[in-house]
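Trainee:
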Amino acid sequence: MKGIFAAAAIVALAAAPAFAQDTPDEIAPDSSHRPAPRDLCSDRPGLDTPACTVDPGRLQAEIGLGGWTLDRQADQRQDLIEAGDILLRYGVGATTEVRLGWTAYGHLRTRDRTTGTIDRVDGIGDVTIGLKQNLQHPAEGKTGLALALLPYATLPSGHRGIGAGDWSAGLIVPASYKISDAVSLELSPEIDAAANESGSGRHLAYGTAMGVQLHLSKTVRLTPELQFVRDRDPEQHATMSSAALSFDVQPEKMTQLDIQAVAGLNRNTPDVALSFGVAHKF
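Okay, so the sequence shown: first residue is 142 according to this note's numbering, each after it adds one.
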C-alpha cells in the first residue's frame, strides 16, 4: 500500500511539467506585473475534491465553523458535533500546493438504546497533511478536463473517539469536466489505507464521489453529489453510500460562505450530516 502512494506522488511530480497548463487567461498579470490571483476554488463544501491548486505564494484557509452528524444503529445513537475544522492550502508552485488539515474541537455523545447509558467524549481531532499536484488546468478556468493527484496522510493527534487512533494514508484523483460556464461534472476516486475501527492497524478502503456543479450566477453555486465507499475493516466489511446537496456564495471575490446537507442511503452510513463554513484566499 505504501508503495502505491509513493509511486503516485513521484509520477505526479514528474508529469506536471508536461501536462499542467497555466494559460494567460488562467494567470493574468496585474498592473504591477505580478500574476493576478486565480478565482477562488475551494474544497468546501462537497464530497468531491476539486482538481484546482492554489496560486504560488498564496495561502487559502477553509474553515468548517460548525457541523453535526447523527448515526443511529440498532443498539446505540451517536451525535458528533465539530467546530473549527480547518484546512490550510498553500501554493508552492504553479501547479502544486501543500495542505494541512486539523479539527480543533469535537464532541461525541453516545447513548445506549437499551440501557439509556450516555457516554461523552470531548477533544481535538487528527492532523492531515497532503500534497496536491495538478496535471491539467490548475485554475479550472477553461472548459474541458481538469485533473490532479492528491496523496495524503493522517496523523493520530486526536482524542480517541474524535480521532481515528492510528495513522492512515490515501490517494485521491480529483477530476472535473467543465461543460460550460454554468455546468461542471466532478469525480473523485480514492483509495486508502484506513485506520481500523479498533484504533490499531490499517485496512483497505476505496470508493468515489461524483457530482454536478451548477453555477446559478457568477457568485452562487449549487452542487448535488453522490458518494460510495467500500470499507474492509477487519471487524466488519461494509459499503457506505451518501447523497449530498451543498450551496455556496461569494460575497467578495476571495471569500466564500457555504452550507451542506448529507443523507445516508443505507444502514452502514450515518443518517444525516449538516455543516457550514467559510473559505478565504489571502
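The beta-carbon is built from N, C-alpha and C at its ideal position, and this holds for glycine as well. Keep in mind that this is a model prediction, so the values were computed, not measured.
So what's Arg-254 in DSSP terms, helix, strand or just coil?
Mentor: Here residue 254 corresponds to residue number 113 of the sequence shown, with the count starting at 1. Three-state DSSP puts Arg-254 in coil, outside helix and strand.
Trainee: Relative to the alpha-carbon of His-378, which residue among Glu-338, Val-361 and Thr-244 has its alpha-carbon at the smallest distance?
Mentor: Along the sequence shown, read from residue 1 onward, the residue named residue 378 stands at position 237. Nearest option by C-alpha distance: Glu-338.
Trainee: Just confirm the distance between the C-beta atoms of Ser-321 and Thr-284, as a whole number of angstroms; I'd bet it's less than 8 Å.
Mentor: The residue given as residue 321 occupies position 180 in the sequence shown. The residue given as residue 284 occupies position 143 in the sequence shown. Between Thr-284 and Ser-321 the Cβ distance is about 7 Å, and since that is below 8 Å, they are a contact.
Trainee: Are Glu-238 and Lys-273 closer than 7 Å when you measure CB to CB?
Mentor: Numbered from its first residue, the sequence shown carries residue 238 at position 97. Numbered from its first residue, the sequence shown carries residue 273 at position 132. Cβ distance < 7 Å, so Glu-238 and Lys-273 count as in contact.
Trainee: Pick out the complete beta strand (DSSP E) segments inside the segment 247-310, 3 residues or longer, and give them in chain order.
Mentor: Taking only runs of at least 3 residues, the beta strand (DSSP E) segments lying wholly in the segment 247-310 are 259-264, 268-277 and 285-296.
Trainee: For Arg-408, name the three-state secondary structure that DSSP assigns.
Mentor: Reading the sequence shown from its first residue, position 267 is the one you call residue 408. Coil at Arg-408, not helix or strand.
Trainee: In chain order, what residues of the same chain have a beta carbon less than 8 Å from the beta carbon of Asp-216, not counting five sequence neighbours either side?
Mentor: Counting from one through the sequence shown, the residue named residue 216 turns up at place 75. Once the five neighbours on either side are set aside, the close Cβ partners of Asp-216 are Asp-253, Arg-254 and Thr-255.
Trainee: If you run the structure through DSSP and keep just helix, strand and coil, what is Lys-422?
Mentor: Numbered from its first residue, the sequence shown carries residue 422 at position 281. If DSSP states are grouped into helix, strand and coil, Lys-422 belongs with the strands.
Trainee: Distance check for Arg-179 and Trp-308, CA to CA, integer angstroms please.
Mentor: On the sequence shown, position 167 is the one that residue 308 refers to. On the sequence shown, position 38 is the one that residue 179 refers to. Computed Cα separation, rounded: 34 Å.
Trainee: Could you tell me if Ala-323 is buried or exposed, where buried requires 16 or more neighbouring beta carbons within 10 angstroms of its beta carbon?
Mentor: Numbered from its first residue, the sequence shown carries residue 323 at position 182. With fewer than 16 other Cβ atoms within 10 Å, it is exposed.
Trainee: Do you know whose CA, among Ala-414, Ala-334 and Glu-223, lies nearest Ala-384's CA?
Mentor: The sequence position of residue 384 within the sequence shown is 243, counting from 1. Closest by alpha carbon: Ala-414.
Trainee: Can you give me the C-alpha to C-alpha distance between Pro-315 and Ile-270, rounded to a whole angstrom?
Mentor: Translated into the one-based positions of the sequence shown, residue 315 becomes position 174. Translated into the one-based positions of the sequence shown, residue 270 becomes position 129. Between Pro-315 and Ile-270, the C-alpha separation is close to 17 Å.
Trainee: Between Arg-229 and Leu-200, which are expected to be in contact by the criterion C-beta below 8 Å, what is the C-beta distance as a whole number of angstroms?
Mentor: Reading the sequence shown from its first residue, position 88 is the one you call residue 229. Reading the sequence shown from its first residue, position 59 is the one you call residue 200. Checking the sequence, you will find Leu at residue 229 rather than Arg. Contact flag correct, Cβ pair sits at about 7 Å.
Trainee: Mind checking who Gln-391 pairs with in its DSSP beta bridge?
Mentor: Against the sequence shown, residue 391 aligns to sequence position 250. Looking at the DSSP assignment, Gln-391 forms no beta bridge with any residue, so it has no partner.
Trainee: By Cβ distance, which residues of its chain are closer than 7 Å to Asp-374, with the 5 residues on each side in sequence left out?
Mentor: The residue labelled residue 374 in the question sits at position 233 within the sequence shown. So the qualifying residues of the chain are Asn-337, Glu-338 and His-344.
Trainee: Using only CA atoms, which one of Asp-412, Phe-417 and Ala-404 lies nearest to Phe-388?
Mentor: As a working mapping, residue 388 is identified with position 247 in the sequence shown. Ranking Asp-412, Phe-417 and Ala-404 by Cα distance to Phe-388 puts Phe-417 first.
Trainee: Spatial neighbours of Asp-166 within its chain, please: C-beta separation below 8 Å, excluding the five flanking residues on both sides.
Mentor: For the purposes of this step, residue 166 is identified with residue 25 of the sequence shown, where counting begins at 1. Because the pLDDT at Asp-166 is just 38, under 50, the model does not fix this residue reliably, and the point stays unresolved.
Trainee: Could you check how far apart the C-beta atoms of Asn-275 and Thr-349 are, in whole angstroms? I think they sit under 8 Å.
Mentor: Along the sequence shown, read from residue 1 onward, the residue named residue 275 stands at position 134. Along the sequence shown, read from residue 1 onward, the residue named residue 349 stands at position 208. Not a contact, Cβ separation roughly 19 Å.
Trainee: Roughly how many angstroms lie between the CA atoms of Gln-401 and Pro-330, to the nearest whole one?
Mentor: For the purposes of this step, residue 401 is taken as residue 260 along the sequence shown, with counting starting at 1. For the purposes of this step, residue 330 is taken as residue 189 along the sequence shown, with counting starting at 1. Going from the Cα of Gln-401 to the Cα of Pro-330 covers about 20 Å.
Trainee: Buried or exposed: Thr-164, going by 16 or more other Cβ atoms within 10 Å of its Cβ?
Mentor: As a working mapping, residue 164 is identified with position 23 in the sequence shown. Note on Thr-164: pLDDT 42, under 50, position unreliable in the model; the coordinate value appears next. So Thr-164 counts as exposed.
Trainee: Give the DSSP-derived three-state secondary structure of Asp-399 in the structure shown.
Mentor: Stepping through the sequence shown from its first residue, residue 399 is reached at position 258. Looking at Asp-399 - three-state DSSP - the assignment turns out to be strand.
Trainee: Within a Cβ cutoff of 8 Å, which residues of the same chain sit near Gly-340, ignoring the five residues on either side of it in sequence?
Mentor: The count along the sequence shown starts at 1 and reaches residue 340 at position 199. Hits under 8 Å: Arg-301, Ala-305, Gly-306 and Asp-307.
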